[in-house]
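J.: Residue numbers (numbering that gives the first Met the number 0): 0 to 424.
Below is the structure I would like to discuss, written out as structure tokens.
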Amino acid sequence: MIKDRYSEITDWLFRQLPMYQRTGGANYKIDLEKTHQLMEVLGHPEKDLTCIHVAGTNGKGSVSHMLASIFQEAGYRTGLYTSPHLVDFRERIRVNGIAISEDEVVDFVDRYKEDFERLSLSFFEMTVGMAFWHFRAMGTEMAIIEVGMGGRLDSTNVVTPEISVITNIGLDHTAFLGPDRPSIAKEKAGIIKRGIPVVIGERDDETRGVFESIARNVNSKLSYAEDFEVPDLVSDLKGGYQRLNIRTVWATLQNLKEWKIPMKSILSGLGKVRTNTGLRGRWDILWDAGPTVIADTGHNSEGLTEVVDHLKKVPHNRLLFVIGMVNDKDRASVLGLLPREARYFVTQPSIPRACPVEELYREIRDKELSASMFPTVKEAVIQAIEEARPDDLIFVGGSTFVVADLLTMENEVISLLSSKGQIGS
């Protein structure tokens, strides 16, 4: 009964996605007024939160999960708000790694639905409200809050954190945030609060002036992660790019000395991120018994550069690349990075913003790459598995939502690969 009610409630929530999620940047009109009104309805849970606020183009999800795992290992009741989810909406809201229950989602929406409709709230505004409401109810001692998009106008930007973190700036969501890195940096720097320290994960000549000017104007102590000497730290999150995220996490903790996080908690927290937080989709190895299957949510030029570089380091014969994208991405810059030797299984994720498979296929063929076209991620993945030999590498990515579609069929993928291995032996 509750399962049916939960499905009904989440379906209703998804229908509140704003129009720009479906049609693009021309409809991107948003401010924080309604979020503030929602906080008033909920009794201002944001004022009861002790939190860290994390923005950035790439790495903000990994940094958020690493920090949550470390605080959890240090014994603090830790909230974690992230987006988007991959399989289940409840992934977005966790306390000590445990997702908000279906009952609590239903109760929250039933309790406040009339207010949501009166205020004409979006999916994002309601979800942020649910997270803050849940964290207060659970008595979190630290909450890690990941920005959804941008920063200045993001619904999460009603908190006053212990520290703000901006991982890096890349060309992503340009239809919403601006055409160049300084413009995007200005939007993300909107999370910098008066008198609150900020850590910048990567120093960049194009954007440092933006950050330093804004921090100076609000008397915020600014530091760059690369200025900190980092001990030998490793994480269970694989991928060469995680070294940058670890450095940002270390710099953040060095600015929070009053929390007295012991080194053993940092080491164990970094080593148990997936176990503690349930994070998936970051260099996610689904199968390594031949052929190897890896998924990663990297979806812009900076993210794909790291992915392609790391793919070169994985021993394999052929590279079979399942790829799909969404419409509001700079596809030209991404497609120029694709390995020429790979065989591409072109598809589209199951969301309204998906780039039509025919369009992406044409663009990939224009690059003179070997490609076939499949209407769904499931069909593309199954065909890649059927064609793969034991020493091949299957990579699935191009979009967070492609990886999400893959994970919804993970058991079927494992079964197919297991059967293939038995037949091959």
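Glycine included, each C-beta is placed from N, C-alpha and C at the ideal position.
Quick caveat: nothing in here was measured; it's all calculated off a predicted structure.
#1: Cα-Cα, which of Val86, Ala136, Gln382 is closest to aspartate 106?
#2: Does the distance from the C-beta atom of alanine 188 to that of isoleucine 213 stay below 8 Å?
#3: If you draw a straight line from the C-alpha of histidine 35 to the C-alpha of glutamate 385, how long is it?
#4: Count the other CB atoms within 10 Å of the CB of valine 217; is the residue buried (16 or more) or exposed (fewer)?
#5: If we count the other Cβ atoms within 10 Å of its Cβ and call it buried at 16 or more, is alanine 288 buried or exposed?
#6: Return the bridge partner residues of valine 292 from the DSSP annotation.
#7: Quick check: the stretch 94-109 against the stretch 316-336, are at least 3 beta-carbon pairs closer than 8 Å?
#8: So, at 6 Å on beta carbons, what are the nonlocal neighbours of methionine 129 in its own chain, with the 5 sequence-adjacent residues on each side left out?
#9: What number of angstroms, rounded off, separates the C-alpha of glycine 208 from the C-alpha of valine 157?
#10: Which full runs of the alpha helix (DSSP H) of 4+ residues lie inside the stretch 337-372, going along the chain?
#11: If you follow the alpha helix (DSSP H) that methionine 137 is in, where does it begin and where does it stop?
#12: Rounded to whole angstroms, what is the Cα-Cα separation between glutamate 305 and asparagine 244?
#13: Using CA atoms only, rank isn't needed, just tell me which of Leu392, Leu405, Ser6, Leu310 is closest to glutamate 379.
#14: Give me, in chain order, the residues of the same chain whose beta-carbon lies closer than 6 Å to that of tyrosine 240; leave out the 5 immediate sequence neighbours on both sides.
#15: Over the uninterrupted beta strand (DSSP E) stretch that includes glycine 96, give me the two end residues.
#16: Helix, strand or coil for valine 53 per DSSP?
#17: For phenylalanine 320, which residues does DSSP report across the bridge?
#18: Might you give, ordered along the chain, the residues of its own chain that have their beta carbon closer than 7 Å to the beta carbon of valine 61, omitting 5 neighbours on each side?
#19: Kindly indicate which three-state DSSP category isoleucine 8 falls into: helix, strand or coil?
#20: Please report the Cβ distance between isoleucine 165 and valine 197, rounded to the nearest whole angstrom; I am assuming they are in contact, meaning their Cβ atoms lie under 8 Å.
#21: Tell me which same chain residues have a C-beta within less than 6 Å of the C-beta of methionine 372, skipping the five on either side of it?
#22: Which whole runs of the alpha helix (DSSP H) in the stretch 172-258 are 4 residues long or more, in chain order?
#23: So what does DSSP say about isoleucine 69, is it helix, strand or coil?
#24: In this structure, does DSSP put isoleucine 384 in helix, strand or coil?
#25: Cutting at 6 Å between CB atoms, please list the residues of its own chain near serine 440, excluding the five before and the five after it.
#26: Can you grab the Cα-Cα spacing for the pair arginine 91 / proline 83, in whole Å?
#27: Nearest by alpha-carbon distance to phenylalanine 13: which of Asp308, Thr49, Ser222, Leu120 is it?
#28: Just reading off the alpha helix (DSSP H) that isoleucine 144 is part of, what are its end residues?
#29: Output the boundary residues of the beta strand (DSSP E) element that contains glycine 78.
#30: Output the distance between the C-alpha atoms of serine 264 and tryptophan 258, rounded to the nearest integer angstrom.
#31: Should asparagine 410 go down as buried or exposed, given a rule of 16 or more other Cβ atoms within 10 Å for buried?
#32: Return the CA-CA distance between lysine 192 and leucine 152, expressed in angstroms with no decimal places.
#33: Sort Gln15, Leu278, Val248, Arg279 by Cα distance to leucine 266 and report the nearest one.
#34: Could you give the C-beta distance for glycine 323 and valine 376, rounded to a whole number, given that I count them as a contact under 8 Å?
#35: From what residue to what residue does the beta strand (DSSP E) around serine 163 run?
#36: Mind checking alanine 294: buried by the 16 CB within 10 Å criterion, or exposed?
T.: Straight from the coordinates:
#1: Here the question's residue 106 lines up with position 107 in the sequence shown. Checking every option, the nearest Cα to that of aspartate 106 belongs to Ala136.
#2: Your numbering for residue 188 matches position 189 in the sequence shown. Your numbering for residue 213 matches position 214 in the sequence shown. Cβ distance < 8 Å, so alanine 188 and isoleucine 213 count as in contact.
#3: On the sequence shown, position 36 is the one that residue 35 refers to. On the sequence shown, position 386 is the one that residue 385 refers to. The straight-line gap separating the alpha-carbon atoms of histidine 35 and glutamate 385 is approximately 52 Å.
#4: Taking the first residue of the sequence shown as 1, we reach residue 217 at position 218. Answer is exposed; the Cβ neighbour count stays below 16.
#5: One-based indexing of the sequence shown puts residue 288 at position 289. Here alanine 288 is exposed. Its C-beta has fewer than 16 other C-beta atoms within 10 Å.
#6: Along the sequence shown, read from residue 1 onward, the residue named residue 292 stands at position 293. The partner list for valine 292 (beta bridge, DSSP) reads Trp286, Ile393.
#7: no
#8: Indexing the sequence shown from 1 puts residue 129 at position 130. Once the five neighbours on either side are set aside, the close Cβ partners of methionine 129 are Phe107.
#9: Stepping through the sequence shown from its first residue, residue 208 is reached at position 209. Stepping through the sequence shown from its first residue, residue 157 is reached at position 158. One C-alpha to the other measures close to 25 Å.
#10: For the stretch 337-372, whole alpha helix (DSSP H) runs of length 4 or above, ordered along the chain, are 356-365.
#11: Taking the first residue of the sequence shown as 1, we reach residue 137 at position 138. Counting along the chain, the alpha helix (DSSP H) containing methionine 137 begins and ends at 122-137.
#12: Against the sequence shown, residue 305 aligns to sequence position 306. Against the sequence shown, residue 244 aligns to sequence position 245. Cα-Cα distance, rounded: 13 Å.
#13: One-based indexing of the sequence shown puts residue 379 at position 380. Looking at the sequence shown, residue 379 is not glutamate but alanine. Ranking Leu392, Leu405, Ser6, Leu310 by Cα distance to alanine 379 puts Leu405 first.
#14: Translated into positions along the sequence shown, residue 240 becomes position 241. These residues qualify, in order along the chain: Glu305.
#15: Locating residue 96 in the sequence shown gives position 97, where the first residue counts as 1. No beta strand (DSSP E) contains glycine 96, which DSSP labels as neither H nor E.
#16: Along the sequence shown, one-based indexing puts residue 53 at 54. Strand at valine 53.
#17: Against the sequence shown, residue 320 aligns to sequence position 321. DSSP output for phenylalanine 320 lists Tyr343, Phe394 as bridge partner(s).
#18: The count along the sequence shown starts at 1 and reaches residue 61 at position 62. In the sequence under discussion, the amino acid at residue 61 is serine, which differs from the valine named in the question. Taken in chain order, the residues that qualify are Leu236, Gln241, Asn244, Arg281.
#19: Position 9 of the sequence shown, counted from the start, is the residue given in the question as residue 8. Three-state DSSP puts isoleucine 8 in a helix.
#20: For the purposes of this step, residue 165 is taken as residue 166 along the sequence shown, with counting starting at 1. For the purposes of this step, residue 197 is taken as residue 198 along the sequence shown, with counting starting at 1. 7 Å between Cβ atoms; contact.
#21: In the sequence shown, counting from the first residue as 1, residue 372 sits at position 373. Same-chain partners within the cutoff: Val345, Val356, Tyr360.
#22: Correct list: 173-176, 180-187, 207-216, 241-253.
#23: In the sequence shown, counting from the first residue as 1, residue 69 sits at position 70. DSSP places isoleucine 69 in helix when its eight states are reduced to three.
#24: For the purposes of this step, residue 384 is taken as residue 385 along the sequence shown, with counting starting at 1. Three-state DSSP puts isoleucine 384 in a helix.
#25: Any answer about residue 440 is impossible in this case: the structure gives the chain only from 0 up to 424.
#26: Counted from its first residue, the sequence shown places residue 91 at position 92. Counted from its first residue, the sequence shown places residue 83 at position 84. Answer to the nearest angstrom: the Cα atoms are 7 Å apart.
#27: Mapped onto the sequence shown, residue 13 falls at position 14. Here the closest residue by C-alpha is Leu120.
#28: Mapped onto the sequence shown, residue 144 falls at position 145. Residue range 141-145 is occupied by the beta strand (DSSP E) that includes isoleucine 144, with no alpha helix (DSSP H) assigned at that position.
#29: The residue given as residue 78 occupies position 79 in the sequence shown. Its beta strand (DSSP E) spans residues 77-80.
#30: Position 265 of the sequence shown, counting from 1, holds the residue named residue 264. Position 259 of the sequence shown, counting from 1, holds the residue named residue 258. Cα-Cα distance, rounded: 12 Å.
#31: Along the sequence shown, one-based indexing puts residue 410 at 411. By the 10 Å Cβ count, asparagine 410 comes out exposed.
#32: Indexing the sequence shown from 1 puts residue 192 at position 193. Indexing the sequence shown from 1 puts residue 152 at position 153. Cα to Cα, lysine 192 sits roughly 13 Å from leucine 152.
#33: Stepping through the sequence shown from its first residue, residue 266 is reached at position 267. Closest in C-alpha terms to leucine 266, from the list Gln15, Leu278, Val248, Arg279, comes Val248.
#34: Counting from 1 along the sequence shown, the entry for residue 323 is found at position 324. Counting from 1 along the sequence shown, the entry for residue 376 is found at position 377. With a Cβ gap of about 6 Å, glycine 323 and valine 376 count as contacting.
#35: Against the sequence shown, residue 163 aligns to sequence position 164. First-last of the beta strand (DSSP E) with serine 163: 162-165.
#36: Against the sequence shown, residue 294 aligns to sequence position 295. By the 10 Å Cβ count, alanine 294 comes out buried.
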